[in-house]
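Engineer:
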Amino acid sequence: MKKIEKRFLFYFLLLGVFMGCTQTNNSQEILLIIHTDDYGLSSSHNQATLKAFSYGIVNSASIMMPCPWANDGVEYWKKNKDMDLGLHITLTNEWFTYKWAPMADKESVSGLMNENGFMLSNCQTLTELATPKEIETEMRAQIEAALQSGLAPTHLDAHMSCVFRTHPEVIASYLRLGEEYSIPPMISKANLDKLKKSYPELLIGIDLKKIPVVSQILIADEAQYDKIGMEAHYTDILQKLKPGLNVLLIHTAYDDPEMQIMTKNHDYWNAEWRQADYDYFTSDLARQVLKDNNIRTVTWREVGLEYVNKINK
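Heads up, the sequence shown is in the working numbering, so the first residue is -5 and it goes up one at a time.
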């Protein structure tokens, strides 16, 4: 209860500032969280993310606690607590030359590790080798690590979407952990509807009316990136947004030696891709597209206010 009360107090103090909570807005309004993943992955990622925030279009991020540059990211946040920073639940490690391990006790999450003790490379292998209990243990360890570092995460989300691509029990655990720690868990309407239809028993005890469900979660498409380039692709995504709460996931980093080595032998989501994300969302074009299409940007902190109020009633 102490953790919940502490977090409730934090958000309650912000209530007067963020009265534009998304749940109470006109249903025809286009709301958008422009969210950059993988904060804490590298120095390049941290610096590019902070620079993107300063430009004012990118307005939310999430940190990867198992990564070596997470501490650097935490220290910056402590000096800039208005930064909308969530927790990027990390269950896999996709890179060939850059590795990290689970944060939980290794004996309790052995199914999440390869023979060298590092996280597995993809969601499918994770599903085959790790149990739902092991995954929940690791998710909890990452939340605890974030809180112990001094962070006050504005939301939970999932690296490589693995939470939503493995056992259905994991999604339920993710939602329960969000409720337990008073941290809004990001989930799309499509994913929640699928779980409700196929595994309703897993949701017993979770008040679904209190979850801030996202209308659409969008991310750049590899085929479109190849076909028309990132600038045209993102412009098209923004122009086609529908009313409701939308989240656009991007990855801001520099195309520098650090990221080039880290993302070596990856055709997509590499240093060049992440530089393109940074370039677009620090451009005058992006700002104009948002204005022309009457898109209002909001943050997870704003969304979270109503969530925390509901679960603490």
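Even glycine gets a Cβ: it sits at the ideal position worked out from N, Cα and C.
Would you identify the three-state DSSP class for T293, choosing helix, strand or coil?
Structural biologist: Taking the first residue of the sequence shown as position 1, residue 293 is located at position 299. Three-state DSSP puts T293 in coil, outside helix and strand.
Engineer: Does DSSP put P162 in a helix, in a strand, or in coil?
Structural biologist: Position 168 of the sequence shown holds residue 162. Of the three classes helix, strand and coil, the one that applies to P162 here is helix, per DSSP.
Engineer: Let me know if A226 comes out buried or exposed under the rule of 16 or more other beta-carbons within 10 Å of its beta-carbon.
Structural biologist: Translated into the one-based positions of the sequence shown, residue 226 becomes position 232. Counting Cβ neighbours within 10 Å, A226 comes out exposed, since fewer than 16 surround it.
Engineer: Taking the DSSP output, what are the residues bridged to L243?
Structural biologist: To locate residue 243, count along the sequence shown from 1; it is residue 249. Paired residue(s): H29, I213.
Engineer: Considering only the alpha carbon of each residue, which of E138, G223, G80, D273 lies closest to S54?
Structural biologist: By one-based count along the sequence shown, residue 54 stands at place 60. Minimum Cα distance to S54 is reached at G80.
Engineer: In this structure, how does DSSP classify D261 when only helix, strand and coil are distinguished?
Structural biologist: For the purposes of this step, residue 261 is identified with residue 267 of the sequence shown, where counting begins at 1. In this structure, D261 counts as coil in the three-state DSSP scheme.
Engineer: Which residue comes first and which comes last in the beta strand (DSSP E) that contains I51?
Structural biologist: Along the sequence shown, read from residue 1 onward, the residue named residue 51 stands at position 57. Careful: I51 lies outside any beta strand (DSSP E) and carries neither H nor E.
Engineer: Starting from P179, follow its DSSP beta bridges and name the residues at the other end.
Structural biologist: If you number the sequence shown from 1, residue 179 lands on position 185. DSSP output for P179 lists L150 as bridge partner(s).
Engineer: What separation, rounded to the nearest whole angstrom, lies between the Cα atoms of A265 and V297?
Structural biologist: Along the sequence shown, read from residue 1 onward, the residue named residue 265 stands at position 271. Along the sequence shown, read from residue 1 onward, the residue named residue 297 stands at position 303. For A265 and V297, the distance between alpha carbons rounds to 31 Å.
Engineer: Residue range of the alpha helix (DSSP H) that L284 falls in?
Structural biologist: Translated into positions along the sequence shown, residue 284 becomes position 290. Segment 278 to 286, the alpha helix (DSSP H) holding L284.
Engineer: Looking only at DSSP bridge pairs, what is L120 linked to?
Structural biologist: Here residue 120 refers to the residue found at position 126 when the sequence shown is read from its first residue. Paired residue(s): none; L120 is not in a bridge.
Engineer: Check the DSSP bridge columns for I24 and list the partner residues they point to.
Structural biologist: Locating residue 24 in the sequence shown gives position 30, counting from the first residue. I24 pairs with G238, I289.
Engineer: Might you give, ordered along the chain, the residues of its own chain that have their beta carbon closer than 6 Å to the beta carbon of A140, omitting 5 neighbours on each side?
Structural biologist: Taking the sequence shown and counting its residues from 1, one reaches residue 140 at position 146. Here the set comprises M59, L81, P147.
Engineer: Straight-line CA distance for S102 to S115?
Structural biologist: For the purposes of this step, residue 102 is taken as the residue at position 108 of the sequence shown. For the purposes of this step, residue 115 is taken as the residue at position 121 of the sequence shown. Distance between the alpha carbons of S102 and S115: 19 Å.
Engineer: With M113 and W94 assumed to form a contact (beta carbons below 8 Å), what rounded beta-carbon distance in angstroms separates them?
Structural biologist: The residue you call residue 113 lines up with position 119 of the sequence shown. The residue you call residue 94 lines up with position 100 of the sequence shown. Confirmed, Cβ separation roughly 6 Å.
Engineer: Can you give me the C-alpha to C-alpha distance between D66 and A124, rounded to a whole angstrom?
Structural biologist: As a working note, residue 66 is residue 72 in the sequence shown. As a working note, residue 124 is residue 130 in the sequence shown. The straight-line gap from Cα to Cα measures roughly 30 Å.
Engineer: Any idea if Y33 is buried or exposed, counting beta-carbon neighbours within 10 angstroms, 16 or more meaning buried?
Structural biologist: Against the sequence shown, residue 33 aligns to sequence position 39. It is buried - the Cβ of Y33 has at least 16 other Cβ atoms within 10 Å.
Engineer: Please look up how many angstroms separate the CB atoms of V52 and I28, rounded, as I've assumed it's under 8 Å.
Structural biologist: For the purposes of this step, residue 52 is taken as residue 58 along the sequence shown, with counting starting at 1. For the purposes of this step, residue 28 is taken as residue 34 along the sequence shown, with counting starting at 1. Contact holds; Cβ gap of about 5 Å.
Engineer: Just reading off the beta strand (DSSP E) that L141 is part of, what are its end residues?
Structural biologist: Position 147 of the sequence shown, counted from the first residue, corresponds to residue 141. Run containing L141: none in the beta strand (DSSP E); it sits in the alpha helix (DSSP H), 126 to 142.
Engineer: With distances taken from CA atoms, which of R268, V207, D261 is nearest A217?
Structural biologist: Working through the sequence shown from its first residue, we reach residue 217 at position 223. It is D261.
Engineer: Report the residue from N287, P206, D230, T293 whose alpha carbon sits nearest the alpha carbon of P237.
Structural biologist: Sequence index remark: in the sequence shown, residue 237 carries index 243 (1-based). Ranking the options by Cα distance to P237, first place goes to N287.
Engineer: Bridge partners of A55, per DSSP?
Structural biologist: As a position in the sequence shown, residue 55 is number 61, starting the count at 1. Looking at the DSSP assignment, A55 forms a beta bridge with T30, L79.
Engineer: Inspect the beta-carbon positions of A135 and A98 and report whether they are closer than 8 Å.
Structural biologist: In the sequence shown, counting from the first residue as 1, residue 135 sits at position 141. In the sequence shown, counting from the first residue as 1, residue 98 sits at position 104. Yes, the Cβ-Cβ distance between A135 and A98 is below 8 Å.
Engineer: If you check the beta carbons only, do P179 and L169 fall under 8 Å apart?
Structural biologist: Position 185 of the sequence shown holds residue 179. Position 175 of the sequence shown holds residue 169. A contact, by the Cβ cut-off of 8 Å.
Engineer: Taking the DSSP output, what are the residues bridged to M113?
Structural biologist: On the sequence shown, position 119 is the one that residue 113 refers to. M107.
Engineer: Taking DSSP's pairing of strands, which residues face V208 in a bridge?
Structural biologist: As a working mapping, residue 208 is identified with position 214 in the sequence shown. V208 pairs with S182.
Engineer: With H, G and I counted as helix, E and B as strand and the rest as coil, what does DSSP make of S36?
Structural biologist: Position 42 of the sequence shown, counting from 1, holds the residue named residue 36. Looking at S36 - three-state DSSP - the assignment turns out to be coil, as it is neither helix nor strand.
Engineer: Report back the beta-carbon spacing between T86 and H149 to the nearest angstrom; my notes put them in contact at under 8 Å.
Structural biologist: On the sequence shown, residue 86 is found 92 positions in, with the first residue counted as 1. On the sequence shown, residue 149 is found 155 positions in, with the first residue counted as 1. About 20 Å; that fails the 8 Å criterion.
Engineer: Are P96 and E132 close, meaning C-beta to C-beta below 8 Å?
Structural biologist: Along the sequence shown, one-based indexing puts residue 96 at 102. Along the sequence shown, one-based indexing puts residue 132 at 138. Contact flag set, yes.
Engineer: Residue range of the alpha helix (DSSP H) that V68 falls in?
Structural biologist: Against the sequence shown, residue 68 aligns to sequence position 74. It spans 64 to 73 - the alpha helix (DSSP H) in which V68 sits, taken as one unbroken run.
Engineer: Contact defined as beta carbons within less than 8 Å: I believe A42 pairs with Y272. What is the distance between those atoms, to the nearest angstrom?
Structural biologist: In the sequence shown, the residue the question calls residue 42 occupies position 48. In the sequence shown, the residue the question calls residue 272 occupies position 278. At roughly 5 Å, the Cβ-Cβ gap stays under 8 Å, so A42 and Y272 are in contact.
Engineer: By the three-class DSSP mapping on this structure, what secondary structure does L145 have?
Structural biologist: As a position in the sequence shown, residue 145 is number 151, starting the count at 1. Three-state result, L145: coil.
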